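Engineer:
Number of protein chains: 2
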Amino acid sequence: MTMSIRIEKSGALKPKPDEDKLGFGSYFTDHMFLMNYDTDKGWHDARIVPYAPLQFDPAAMVFHYGQAIFEGLKAFRTNDGRILLFRPDKNAQRFNRSCERLCMPEIDEETFVEAIRAIVRVEADWVPAKAGASLYIRPFIIATEPALGVRPSKSYLFAVILSPVGNYYGEGLKPVNIRVESDFVRAVRGGIGNAKTAANYVGGLKAQEIAAADNCAQVLWLDGVERKYIEEVGSMNVFFKINGKVITPALNGSILDGVTRQSVIRLLEEWGIPVVEAKIAIDDVLAAVKDGTLEEAFGTGTAAVISAVGGLHANGSMHVINRGEIGELTSRLYDAITGIQAGKLEDSLGWTVDCG
Amino acid sequence: MTMSIRIEKSGALKPKPDEDKLGFGSYFTDHMFLMNYDTDKGWHDARIVPYAPLQFDPAAMVFHYGQAIFEGLKAFRTNDGRILLFRPDKNAQRFNRSCERLCMPEIDEETFVEAIRAIVRVEADWVPAKAGASLYIRPFIIATEPALGVRPSKSYLFAVILSPVGNYYGEGLKPVNIRVESDFVRAVRGGIGNAKTAANYVGGLKAQEIAAADNCAQVLWLDGVERKYIEEVGSMNVFFKINGKVITPALNGSILDGVTRQSVIRLLEEWGIPVVEAKIAIDDVLAAVKDGTLEEAFGTGTAAVISAVGGLHANGSMHVINRGEIGELTSRLYDAITGIQAGKLEDSLGWTVDCG
Ligand SMILES: Cc1ncc(COP(=O)(O)O)c(C=O)c1O
Ligand SMILES: Cc1ncc(COP(=O)(O)O)c(C=O)c1O
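Protein chains in written order, with the numbering used here: chain A, 75 to 430; chain B, 75 to 430.
1) Are any of the Cβ atoms in chain A nearer than 8 Å to that of M310(B)?
2) Please report the distance separating the alpha-carbon of K447(B) from that of K280(A).
3) Can you tell me the Cα-Cα spacing of D182(B) and A166(B), whole angstroms?
4) With a 10 Å radius around its C-beta and 16 neighbouring C-beta atoms as the bar for buried, classify K148(B) as buried or exposed.
5) For Y139(A), name the three-state secondary structure that DSSP assigns.
6) Where do the ends of the beta strand (DSSP E) carrying A233(B) lie?
7) Please report how far the alpha carbon of I193(A) lies from the alpha carbon of R225(B), in whole angstroms.
8) Count the C-beta pairs between the stretch 304-311 of chain B and the stretch 368-380 of chain B that are closer than 8 Å, then say yes if the count reaches three, no if not.
9) Should H118(A) be labelled buried (16 or more other beta-carbon atoms within 10 Å of its own) or exposed?
10) Can at least three beta-carbon pairs, one atom from the stretch 112-131 of chain B and one from the stretch 247-258 of chain B, be found at a separation below 8 Å?
11) Assuming the contact rule is C-beta atoms closer than 8 Å, F130(B) and T218(B) should be a hit. Round their C-beta distance to whole Å, please.
12) Nearer than 7 Å: is that true of the beta carbon of K148(A) relative to any heavy atom of ligand 1?
13) In the structure shown, what three-state DSSP assignment does W295(B) receive?
14) Quick check: the Cα distance between F144(B) and N170(B), rounded to an integer number of angstroms?
15) Would you list, in chain order, the members of the stretch 98-112 of chain B that have their beta-carbon closer than 8 Å to a beta-carbon of chain A?
16) Sort V262(B), I400(B), N311(B), K319(B) by Cα distance to A377(B) and report the nearest one.
17) Only counting the same chain, and skipping five residues up and downstream in sequence, which positions put a Cβ closer than 7 Å to that of V162(A)?
18) In chain order, what residues of the same chain have a beta carbon less than 6 Å from the beta carbon of P87(B), not counting five sequence neighbours either side?
19) Taking only runs of the alpha helix (DSSP H) that begin and end inside the stretch 126-204 of chain A, which ones reach a length of at least 4 residues, in chain order?
20) Output yes or no for whether 8 Å exceeds the beta carbon distance between G327(A) and N268(A).
21) Classify T334(B) as buried or exposed, calling it buried when 16 or more other Cβ atoms lie within 10 Å of its own Cβ.
22) Say yes only if the C-beta of E306(B) is nearer than 7 Å to one or more non-hydrogen atoms of ligand 2, and no if none qualify.
23) Select from the stretch 279-291 of chain A all residues with a C-beta closer than 8 Å to any C-beta belonging to chain B, and list them in chain order.
24) If we cut at 8 Å on Cβ distances, does G140(A) have a partner in chain B?
25) If you measure between the beta carbons of G401(B) and V394(B), is that distance less than 8 Å?
26) Quick one: which residues of the stretch 163-179 of chain B get their C-beta closer than 7 Å to a C-beta of chain A? List them in chain order.
27) Counting only C-beta atoms, is I216(A) closer than 8 Å to chain B at any point?
28) Would you mind sorting G424(A) into buried or exposed? The rule is 16 or more other CB atoms within 10 Å of its CB.
29) D431(B) to A416(A), Cα distance in whole Å?
30) Rounded C-beta distance between Y275(A) and P179(A)? I'm assuming under 8 Å.
31) Name the one or two DSSP bridge partners that R121(B) has.
32) Shortest alpha-carbon distance to Y408(B) belongs to which of K115(B), Y242(B), F232(B)?
33) Please identify the residue among A221(B), E344(B), N251(B), V349(B) whose C-alpha is closest to the C-alpha of P323(B).
34) How about L341(A) and A233(A): are their beta carbons less than 8 Å apart?
35) Taking Cβ positions only, does P127(B) come closer than 8 Å to chain A?
36) Assign T322(B) to one of three DSSP states: helix, strand, or coil.
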């Protein structure tokens, strides 16, 4: 499908922020991609317009009943000046799975990727050149029909906004502590845990506050039924290397199917390193820390790519992993993925898409 | 506390809709109440302004991470022309419990009620005179800070919008069928099921579609852990009369603490009818339908007040309750509550608040 996109350029471009001080999600570019949906016309009026506030009726259903899904991916500048996306087709597929779960209208994969390529091309100057920095891309759909009553909305807005972001941990990989949460639950089988929806984040804020008070950067979520099996970590999937083997929680319906997770599994297979997806009891992981068989632990997600876990806070004490240092495999995966993303390593798996 | 409220009247009032065709949540009045929050100033700039679209940055956190809570209550016109609210203090309290759970700033009870009284006074002409009709009041708070990253927003908007609504079931009480949902789950202990947040509704849309296909108006939710115990019904709490005793699921953290539920329990106590809050297994209820001891079943909620359950659809078949007719206690409760709300019956429990 070729979509026709109307482009209205901004008359006054913003100054670009200092690439050393980008942080995450604080700056937004000059333009945004928008497209509307209603039941009569389907998706229509694809356009790139100046980034500006949008008008919504106070009764717009997104404010009341939570129909809101999103994606997160990045554009990277290569040394030879090209701009690459990392596996946008995977985000497109997950976007549609989220739509389906929340009774929202899907966007075909090609249109989704084309919308992103188009807005990134318009904002090419915003893709940072600094190593480790990138342009974070946030596609989302929200329900706009002004009506009260619990049912799917009849109209929606699809938007893509862009934010230049720094290296998540400033100086590269820095191990973080994670707090095992035993009271609060993020999601449960039969719920919406595997959809990327606003509704999945708000419940976790309280647990995050408690984790911060225990000197932890993130929450490790357990399953909602038995509160025994590991699900994920904050906005990351999680991996453990135990006795030379890598293990990650199997997708069970309440875990987000991360693109970075998929990529890590694939790379490990390529490298001939054993990797399994399975149910993982937190007690087994803590026992492996104790008996020294747990060699490395790391989180995976678009924002930080690979994030070494330095310690697990559980039952009131911190269980230090790999002396709080970054493991060898953790580094190797980080270098491999960020290398492919930035076009520095050969992309033999065909993961990158040129924006040109 | 007395809040100073700036009032800006609309220049062009809308025509009032036909009171026989109001439906639910389709019409909105001429004005709305707004108030802003930021971390420096706290809640400020309370104002009543013409009902109109609001501007939000596309990165406003409500669209991405789900910080959105709401309430629902009604204003009623009495025969002698006064306007009454029903237990708004209960909504104020629940609003703040929702805020607390979702790391959002609370609004003191008095301010909450005063805001509602003020906007309802301005819109007094919108309170329907027709019996059974009322003015539905929707207070809500949404996160407005434009930033990506999972953390509590630093700014919020509190709004109160109003919608004249008809008698929920046109001709008064009409029994509805309810589908027992055994796959999808609304909420789980440790989650946010007892908060009134947008995030709790979106996951249920799919189950609602399936229920509609089975000729059911609502979904009966079971607990997320054992999928065995009854939680609630669509946007209502649920009661069963078995062998002369009334029973309703105990509040367990994943059920909304309904104001109508509280009122029903209180009235039953006043009337000397045994009522218990307990864990209720769906199998026990189905067995009671079968052996004829289940006399009545009804849902409770602000929208429909009391809603007779005519049948439970479970395991592929419909289990008819009380021959599909409205039970005696169900009617008595409906008459009592709607009578107090409309100022027709004596309000000996002090539940109504005059807007004047
Ligand atoms: C809850 C959650 N889990 C896992 C991930 C990781 O997914 P991805 O690797 O696609 O970024 C994310 C998103 O970043 C997330 O929000
Ligand atoms: C999920 C849910 N349960 C129960 C209720 C009933 O609560 P109330 O009686 O306060 O309206 C509502 C709201 O109407 C609701 O949304």
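By construction, the Cβ of each residue, glycine as well, lies at the ideal position given by its N, Cα and C atoms. Keep in mind it's a predicted model, so treat the numbers as computed, not measured.
Structural biologist: Concretely, from the data shown:
1) Answer no: the Cβ-Cβ gap between M310(B) and chain A never drops below 8 Å.
2) What is shown of chain B runs 75 to 430, which leaves residue 447(B) out entirely.
3) Looking at the two C-alpha atoms, the distance is approximately 8 Å.
4) That one is buried.
5) Y139(A) falls in the helix class under three-state DSSP.
6) Where A233(B) is concerned, the enclosing beta strand (DSSP E) stretches over 229-239.
7) Each residue's alpha carbon lies about 27 Å from the other.
8) The stretch 304-311 of chain B is in contact with the stretch 368-380 of chain B.
9) It is exposed - the Cβ of H118(A) has fewer than 16 other Cβ atoms within 10 Å.
10) Fewer than three beta-carbon pairs drawn from the stretch 112-131 of chain B and the stretch 247-258 of chain B are found closer than 8 Å, and the two stretches are therefore not classed as touching.
11) Indeed, because the Cβ distance is near 6 Å, the residues count as touching under 8 Å.
12) No, since every heavy atom of ligand 1 falls outside the 7 Å radius drawn around the Cβ of K148(A).
13) Note: W295(B) maps to strand in three-state DSSP.
14) Approximately 10 Å between the Cα atoms of the pair.
15) The residues in question are F98, G99, S100, F102, M106.
16) Between A377(B) and the set V262(B), I400(B), N311(B), K319(B), the nearest pair of CA atoms involves N311(B).
17) Checking the displayed sequence, the identity of residue 162(A) turns out to be Pro instead of Val. L147, V187, I190, V427.
18) Before going on, a small fix: residue 87(B) reads as Leu here, not Pro. Only D104 meet the Cβ criterion.
19) Counting whole runs of 4 or more residues, the stretch 126-204 of chain A contains the alpha helix (DSSP H) stretches 136-139, 162-175, 183-196.
20) Yes; because the gap between Cβ atoms is below 8 Å, this pair is in contact.
21) T334(B) counts as buried, since no fewer than 16 other beta carbons sit within 10 angstroms of its beta carbon.
22) Flag set: Cβ of E306(B) near ligand 2.
23) For the stretch 279-291 of chain A, which is checked against every Cβ of chain B, the residues closer than 8 Å are L279, K280, Q282, E283.
24) Yes, G140(A) lies at the interface with chain B (some Cβ there is under 8 Å from its Cβ).
25) Not in contact: G401(B) and V394(B) (Cβ atoms no closer than 8 Å).
26) Listed by position along the chain: R175, L176, C177.
27) Answer yes: the Cβ-Cβ gap between I216(A) and chain B drops below 8 Å somewhere.
28) Around the beta carbon of G424(A), fewer than 16 other beta carbons sit within 10 angstroms, so the residue counts as exposed.
29) Here chain B has residues from 75 to 430 only, and residue 431(B) is not among them.
30) About 22 Å separates the two Cβ atoms, so there is no contact after all.
31) Answer is R80(B), L108(B).
32) In this structure, Y242(B) is the residue among K115(B), Y242(B), F232(B) with its C-alpha nearest to the C-alpha of Y408(B).
33) The shortest C-alpha separation from P323(B) is found at V349(B).
34) Result no, Cβ atoms of L341(A) and A233(A) do not sit closer than 8 Å.
35) True, the Cβ-Cβ gap to chain A drops below 8 Å.
36) Of the three classes helix, strand and coil, the one that applies to T322(B) here is strand, per DSSP.
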